[in-house]
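Structure, as structure tokens:
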Amino acid sequence: MAPGTTTMTNGINGDTILKVEHLSMKFGGLMAINDLSLEARRGEITALIGPNGAGKTTVFNCITGFYKPTMGMLTLQRRDGKEYLLERLRDFEIPKLAGVARTFQNIRLFSGLTVLENLLVAQHNALMKASGYTILGLLGLPAYRRAVDASIEKAKYWLDKADLTDRADDPAGDLPYGAQRRLEIARAMCTNPELLCLDEPAAGLNPRESAALNTLLHQIRDEGVSILLIEHDMSVVMEISDHVVVLEYGQKISDGSPDHVKNDPRVIAAYLGVEDDEVEEVIAEELDGGQR
Amino acid sequence: MTASTETGHPNVLAKAVREGLFAGVIAFFMFLLFVGIETYQDINNTLVWRTRWGLLAVFVAVAAVGRFLTVGFIKPHIDRRKLAKAKSGVLEISENKSFFHRHFLKIALIFLVLYPFLSLMIVGKQGSLKYVDNFGIQILIYVMLAWGLNIVVGLAGLLDLGYVAFYAVGAYSYALLSSYFGFSFWLLLPMSGILAALWGIILGFPVLRLRGDYLAIVTLAFGEIIRLVLINWTDVTKGTFGISGIAKASFFGIWSFDSGTTNNFVKAWGLSASSVYYKVFLFYVILALCMLTAYVTIRLRRMPIGRAWEALREDEIACRSLGINTVTTKLTAFATGAMFGGFAGAFFATRQGFVSPESFVFLESAVILAIVVLGGMGSLTGIAIAAVVMVGGTEVLREMAFLKVVFGPDFTPELYRMLLFGLAMIIVMLFKPRGFVGSREPTAFLKERKAVSGSFTKEGHG
Ligand SMILES: Nc1ncnc2c1ncn2[C@@H]1O[C@H](COP(=O)(O)OP(=O)(O)OP(=O)(O)O)[C@@H](O)[C@H]1O
Ligand SMILES: [Mg+2]
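If you're matching them up, the sequences are chains A and B in order. Following our numbering, the numbering of the first sequence begins with 1 at its first residue and continues without gaps. Following our numbering, the numbering of the second sequence begins with 1001 at its first residue and continues without gaps.
Below you can see the structure in the form of structure tokens.
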């Protein structure tokens, strides 16, 4: 570790859930992320924005273990104080141990399973344990049956929140696009995460679906789950996030409250690719128009 | 499009005539040299040729008329039926099924339990040998193998082209352990399954990080490696000679089926000597093994592990994002499938009394896989039907002596097995691209259990 970084044990103070330090990710000659540091606070919605190709999804893939970062440290602190170095965990251990769940930019549902089954698969680890790694479950012990009932209750809870109860027994692939987005979030929530990473959840939604999504995200935050959000739609970002980080070419160019970021000239320049005064106006208009 | 939906419409008929003529012309040139001309050796052993215009004309006529009928009448008819169906809004899976449909499984099971008695009653002891052994046992072995492979391919979506390797492990485990150590069938049956599962894990561990085509090729190679080891490790396996004189299974040690023993089944029951009793016994053993496979599969599908298998088939990356360890999940699927292959192998060895590497060639893997695909990946019923059609069909072929009358005395129908197999597959895949049973039963439901149409499920990609 570079000198100056805090030691692992108390590197994070209580209200920080995720701390990314000096993260770099190289693909061949391409520096997709270059020395990025950021923090996400517990119980808040942190937005990660930036132009196409800025490296947002790559940051997510590093956090959730799908990529091994070239350099850097990703520390996650759970509510009970336990800390996990995410870059050292394997991809499936990150949701399982560290409590980080994610969705994908291109929706990845189990399209041939029903909506309910999607939510049950998400509770795999809990159910596996309850079924004694299948062996006790085959015997149909009451403890396992109780766990199954509990898992269905939890699925029902999130079905209700995501407004999918009516479609519970339909194949996930049969849902309209907006419902698929909500289902993917509900599925991630069924893993009991403390940090939920959403990759462009509002992409392709119509205004009504988008509003439903905002409500769902607020409900999730109210349950005490922190959210890390990639989003292109500035109106969504400004409306729901507590804290915004702006990336460009793999580097952080701005970090702060939505208002701070909105008025940061570097952000305006980066986001629209030009640094004209007129552009600023355009942004302001867009923001006004997007507010409800 | 609109014109072709009405029969008798001049456009359709004109098109049919045109296409018919076209097909005739193509057929004429295609078959001109193959059918129109025949070479043969005359008395002086020189090769000469003669023409067969009549036969050629038949070929051309069949092609032309066939095409004419298809385009002019059959296709418009099918289109109209589809249109009518779409208009009336009747779904493919209709709610009110017939009695036979609803109770199909029970009826099938009762039939299977009664089958040996029915055959004994109808064709007598000697005739039953064929029906119980060649049809009953043979088909059930393939049902079991296909159900075992279904766990790997149909549920977990891992394309395994070397499944026969585990069948071989099971068969040789029984053959070797029983002839070297004299263990009984009922001890060795579970052991063969466990050994096969162990091999599944050993082979699976390095292989399962591969995906799709790569996995298929490597599993194929492993199947061949096992076979080559069996051929070349002559000290233990006796190579291509195989192992013969494998012990028969006993009735749980109470009655034996070996003649000359004191607790011989036939003697104990005062029956007249016949090998049919042993066959009937074996029939029930394999039936029980099949039921075990089905039961375990159905139970596992509703357990978290089974759901994880299916989720793996649908989307592996999403599985990992939900905290599912995909390596162990794949391994359990591989091992469970291998275990049933091992059971079937042990049974096969005791039934044949002889095993040799020849029984475990790649073709067997291909046939088992074909049964799984034809039946509809994941569907136990569909696979069982496919096994009956495919294996039973080839057995029926042997019976078709009348074909010799049509095609001449040299015609051996069994040799056309693979041709018919392929033809059947093409036909089924054309009309039922998802196999006989293309829909999937959900493993849990809130209000009602609706079958998931095959168009949503994925085949997996490794
Ligand atoms: N697996 C990979 N191999 C090589 N290059 C990659 C890989 N993943 C991402 N990149 C590159 O890294 C850069 C950042 O990509 P990333 O997907 O993170 O952008 P993004 O900010 O999510 O963009 P978008 O808004 O379009 O989703 C891009 O130039 C991309 O081509
Ligand atoms: Mg992206």
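Using N, Cα and C, we set each Cβ at its ideal position, and we do this for glycine too. What you are looking at is a predicted structure, and each value in this text was computed from that prediction instead of being measured.
Check	Outcome
Sub-8 Å separation of B/A1370 and B/M1339 beta-carbons	no
A/D199: CB within 7 Å of a non-hydrogen atom of ligand 2	yes
Check: B/K1106 C-beta below 7 Å from any heavy atom of ligand 2	no
Near ligand 2: B/K1450 beta-carbon under 7 Å from a heavy atom	no
Heavy atom of ligand 2 within 7 Å of A/Q105 beta-carbon	yes
Members of the stretch 173 to 196 of chain A that neighbour chain B once the beta carbon cut-off is set at 9 Å	G173, D174, E184, R187, A188, C190, T191
Any 3 or more C-beta pairs closer than 8 Å across the stretch 1443 to 1450 of chain B and the stretch 1379 to 1389 of chain B	no
Straight-line gap, A/S210 to A/K56 (C-alpha atoms, nearest Å)	21 Å
Outcome for B/V1153 when other beta-carbon atoms lying within 10 angstroms are tallied against a minimum of 16	buried
Amino acids of chain A, ordered along the chain, whose beta-carbon sits closer than 7 Å to that of B/P1304	H124, L127, M128, S131
Min CB distance B/I1093 to chain A below 8 Å	Only weak support exists for where B/I1093 lies, its pLDDT of 49 falling under 50; the value from the coordinates is given anyway. By this cut-off, B/I1093 is not an interface position.
Interface flag, B/E1310 vs chain A, CB-CB below 8 Å	yes
A/L205, DSSP secondary structure in three states	coil
Same chain, Cβ closer than 8 Å to A/T16, five either side skipped, listed in chain order	E39, A40, R41, R42, Q77
Residue from B/L1159, B/F1029, B/E1224 whose Cα sits closest to the Cα of B/E1459	B/L1159
Residue from A/P95, A/L30, A/I33, A/M25 whose Cα sits closest to the Cα of B/I1324	A/P95
Same chain only: Cβ atoms within 8 Å of B/R1320, ignoring 5 sequence neighbours per side	T1326
Spatial distance of B/I1093 from A/N118 (CA atoms)	With a pLDDT of 49 at B/I1093, under the threshold of 50, the modelled position of this residue cannot be trusted, and the question is left open.
Short-range partners of chain A found in the stretch 1429 to 1444 of chain B, where Cβ spacing is below 9 Å	R1440, P1442, T1443, A1444
Among A/R167, A/E194, A/N52, nearest to A/L183 - alpha-carbon criterion	A/R167
Chain-ordered neighbours of B/N1325 on chain A, where CB pairs are closer than 7 Å	F92
Rounded straight-line distance, which links the Cα of B/G1382 to that of A/K82	50 Å
B/I1226 beta carbon near ligand 2 (any heavy atom closer than 7 Å)	no
Three-way DSSP call (helix, strand, coil) for A/T58 in this model	helix
Cutoff 8 Å: B/K1447 Cβ touching any chain A Cβ	yes
At least 3 beta-carbon pairs within less than 8 Å: the stretch 244 to 264 of chain A vs the stretch 47 to 67 of chain A	yes
Beta-carbon proximity list for B/T1457, same chain, < 6 Å, skipping 5 on both sides	R1440
Within chain A, partners of B/T1457 - CB distance below 7 Å	G112
Straight-line gap, B/R1052 to B/V1062 (C-alpha atoms, nearest Å)	16 Å
Against chain B: residues of the stretch 60 to 85 of chain A by CB proximity under 7 Å	T64
B/L1021 classed as buried or exposed, judged by whether at least 16 other C-beta atoms fall within 10 angstroms	exposed
C-beta atoms of B/S1179 and B/L1188 nearer than 8 Å	no
Meets three-Cβ-pair contact criterion under 8 Å: the stretch 1276 to 1294 of chain B and the stretch 1352 to 1369 of chain B	no
Euclidean distance between Cα positions of B/A1156 and B/K1075	38 Å
Buried versus exposed, by CB contacts within 10 Å (16 or more), B/E1364	buried
DSSP state of B/I1093 mapped onto helix, strand, coil	With a pLDDT of 49 at B/I1093, under the threshold of 50, the predicted position of this residue should be treated as unreliable, though the coordinate-derived value follows. DSSP places B/I1093 in coil when its eight states are reduced to three.
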